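The numbers in the sequence shown follow the working numbering, run straight up by one, and end at 588.
A short worksheet on the structure shown next.
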Amino acid sequence: MLSRFMSGSIRNLEREYSCTVRLLDDTEYTCTIQRDAKGQYLFDLICHHLNLLEKDYFGIRYVDPDKQRHWLEVTKSIAKQIKSQPPFTMCLRVKFYPPEPAALKEEITRYLVFLQIKRDLYHGRLLCKTSDAAMLAAFILQAEIGDYDPGKHPEGYSSKFQFFPKHSEKLERRIADIHKTELIGQTPETSERNFLQKAQMLETYGVDPHPCKDVSGNPAFLAFTPFGFVVLQGNKRVHFLKWNEVTKLKFEGKTFHIYANQKEIILTYFAPTPEACKHLWKCGVEHQAFYKLEKSSQVRTVSSSNLFFKGSRFRYSGRVAKEVMEQSAKIKREPPEIHRAGLVPSRSCPSITHGPRLSSVPRTRRRAVHISIMEGLESLRDSAHSTPVRSVSHGDCFMPRSRSQATDASDGTAVISDEAYSPSDSVLPTPVAEHSMELAVSRQINGAPCSIEEEKESEAGTPSYGEGGDFGADSRSVREGAGGDSALSEVEQVNKFVLSVLRLLLVTIGLLFVLLLLLIILTESDLDIAFLSDIRQTPEFEQFHYEYFCPLRRWFACKLRWVGGLLINK
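Structure follows, in structure tokens:
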């Protein structure tokens, strides 16, 4: 606490901060911002750097010292939001996935969304069947290296690229076959558009998973997509609610509630920490406003509690999806130049490239690492603590369905893949810049290359369910922290109770003060009401009137005449 106070004092003395934003192509944009600069200033700088007009789909994400992810709020000061010491490090990501990404107006916007979905595929957030995975990877291959050339692409060339957390030789052969035979002649733009059209049909398109637990203690991932609220468990989508069916989102401590208008459904889940739960709630409020409302003027301030003096208050600031699409249709300019992987960028403007992920780990060893790590992730999630409360039960499992069929059901259960949904960066602790060795280990664990450039990757994950320490020490920290979790929870409950009592006391005092002022105004008025006349005739009121009210009224009148005289003289 003392170190944070001292760092905050030192930071307040500085006038400018250095800020680095890692873009979707893994390049970095560094700038200097003023101490009081707001998030909108930095966001506009990045969009100008990228020559991006359809910018409402994107956002800036950062990770606090407790390894909790946050979206940078554009209306607030950057320095007041980020708790870490400068220089600040953030990353640009897609915040609101377009419902139809292939139909975006400009190619630069489609390309950046392509990079985001490619990243989702690589980190296991976009999960799909093997046939769909092969087609998506082939589109990526065609977009980045072009047509198949036997002279440039030897046998097994597709294995040099890391498209997914796990690969198999059969899948690699299928990717190469599709690339050789079905995609010949496609330009990078066409391949990217086909990739987007294929990706938007998947059940996990647009999913930014928030790890939670249900009332039975089972791991689950909550997400907000362009089409509604989704809950994923294992290899199933166990809940899906359209945005017009979601009536209320609430949280208290680690508990998150979703209310639906159909049969008064209440879903209850538990986040790893109160901060993670608040981040989940704010993401839900923003997504619901963005996709559900017709105009930004309809946005209202939302409270996390039914009592106005309790809980958090938050308001989405920005345009909604319908306004964004209407504004995009009005764009009339020459398409900006895009520099993709495999093309030689000009020196006159910054390049936007995203080269292939060449693995530095042998393929057989990489598979063994993935198998052991996936087992470790399962045990890590099972060790999380949760408190059971009331919730609805999950339905049975059905066969996979198309997008149109999936969106027709409000709470349908569907199989999304052959494997359990286990996005690596949403479970592992977030790598931080101070621990370079831990960063390299976590990247190798995720199946990513351990090159210097890959160590700079800014993909930010939510805290692990262990809530303390790095991945290498998770098993030990979970055991050591098991006894402290209950003590921390008791302290948190006491603090919340004290804060609630203080808020109630302040609100009560404020109401009494307002009532007192109202009573004074009424008694000093000319209203002829019986009880007011009785009050005016009391000695106490006469004393108050002549000794306090009349002098105060004369003082105000004098001040007003003085101010009026100054204005007239000017």
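Just so it is clear, CB atoms sit at the ideal spot from N, CA and C, and this is done for glycine as well.
On a predicted model such as this, the values are computed, not experimentally measured, just so you know.
- Rounded to whole angstroms, glutamine 218 and valine 320 show a C-alpha spacing of 30 Å.
- Rounded to the nearest angstrom, the gap between the Cα atoms of leucine 550 and leucine 537 is 9 Å.
- In the DSSP assignment, cysteine 295 falls within the alpha helix (DSSP H) that extends over 292 to 310.
- Under the three-state reduction of DSSP, threonine 93 is assigned to coil, being neither helix nor strand.
- Taking C-beta atoms as the reference points, tyrosine 277 and glutamate 304 fail to come closer than 7 Å.
- Cysteine 576 is not bridged by DSSP to any residue.
- Using a 10 angstroms sphere on the CB of tryptophan 299, the tally of other CB atoms reaches 16 or more, which defines it as buried.
- Aspartate 74 is a Cβ neighbour of valine 342, given a cutoff of 7 Å.
- Sequence-distant Cβ neighbours of cysteine 295 in its own chain, meaning closer than 6 Å and more than five residues away, are Phe269, Lys272, Phe274 and Ala289.
- Judged by their CB atoms, isoleucine 356 and tyrosine 129 are nearer to each other than the 7 Å cut-off.
- Counted as a single uninterrupted DSSP element, the beta strand (DSSP E) harbouring glutamate 270 occupies residues 264 to 270.
- Cβ contact annotation for leucine 220 (same chain, cutoff 7 Å, sequence separation greater than five): Leu144, Cys146 and Asp150, in chain order.
- In summary, arginine 572 is exposed, with fewer than 16 beta-carbon neighbours lying within 10 Å of its beta-carbon over all protein chains present.
- Here DSSP, grouped into helix, strand and coil, assigns phenylalanine 157 to helix.
- Rounded to the nearest whole angstrom, the CA to CA distance from aspartate 552 to leucine 578 is 32 Å.
- Taken in chain order, the complete beta strand (DSSP E) segments of 3 residues or longer contained in the stretch 174 to 246 are 228 to 231 and 237 to 242.
- In the three-state reduction of the DSSP assignment, lysine 340 falls in the helix class.
- Taking C-beta separations shorter than 6 Å and ignoring five residues to either side along the sequence, lysine 188 has no partners in its chain.
- For a cut-off of 8 Å, the C-beta gap from isoleucine 64 to valine 81 is around 18 Å, too long to register as a contact.
- Within the stretch 519 to 558, complete alpha helix (DSSP H) segments of at least 4 residues are found at 548 to 554, given in chain order.
- Rounded to the nearest whole angstrom, the C-alpha separation of lysine 231 and proline 292 is 13 Å.
- Taking one beta carbon from each stretch, the stretch 95 to 112 and the stretch 35 to 53 have 3 or more pairs nearer than 8 Å; the two touch.
- Sixteen is the threshold: when 16 or more other Cβ atoms of the shown chains lie within 10 Å of the Cβ of phenylalanine 181, as they do, the residue is buried.
- Three or more pairs of CB atoms, one per stretch, sit closer than 8 Å, so the stretch 45 to 64 contacts the stretch 86 to 95.
- Valine 516 counts as exposed, since fewer than 16 other beta carbons sit within 10 angstroms of its beta carbon.
- Excluding residues up to 5 positions away in sequence, nothing lies with its Cβ nearer than 6 Å to the Cβ of tyrosine 566 in the same chain.
- Between valine 131 and proline 117, the C-beta gap is not smaller than 7 Å, which leaves the two residues out of contact.
- Taking all protein chains in view, the Cβ of glutamine 306 is crowded by 16 or more other Cβ atoms within 10 Å, so the residue is classified as buried.
- Spanning the alpha carbons of valine 112 and glutamine 134 requires a straight line of approximately 7 Å.
- Counting along the chain, the unbroken alpha helix (DSSP H) around glutamine 134 starts and ends at 125 to 140.
- For leucine 60, there is no enclosing beta strand (DSSP E); the enclosing alpha helix (DSSP H) covers residues 57 to 68.
- In the same chain as aspartate 138, and ignoring 5 residues on each side of it, the C-beta atoms closer than 7 Å to its own belong to Leu144, in chain order.
- When only Cα atoms are considered, alanine 238 and isoleucine 527 end up about 44 Å apart.
- Around the beta-carbon of glycine 302, 16 or more other beta-carbon atoms lie within 10 Å, marking it buried.
- Secondary structure note for histidine 275: its beta strand (DSSP E) is the uninterrupted segment 273 to 278.
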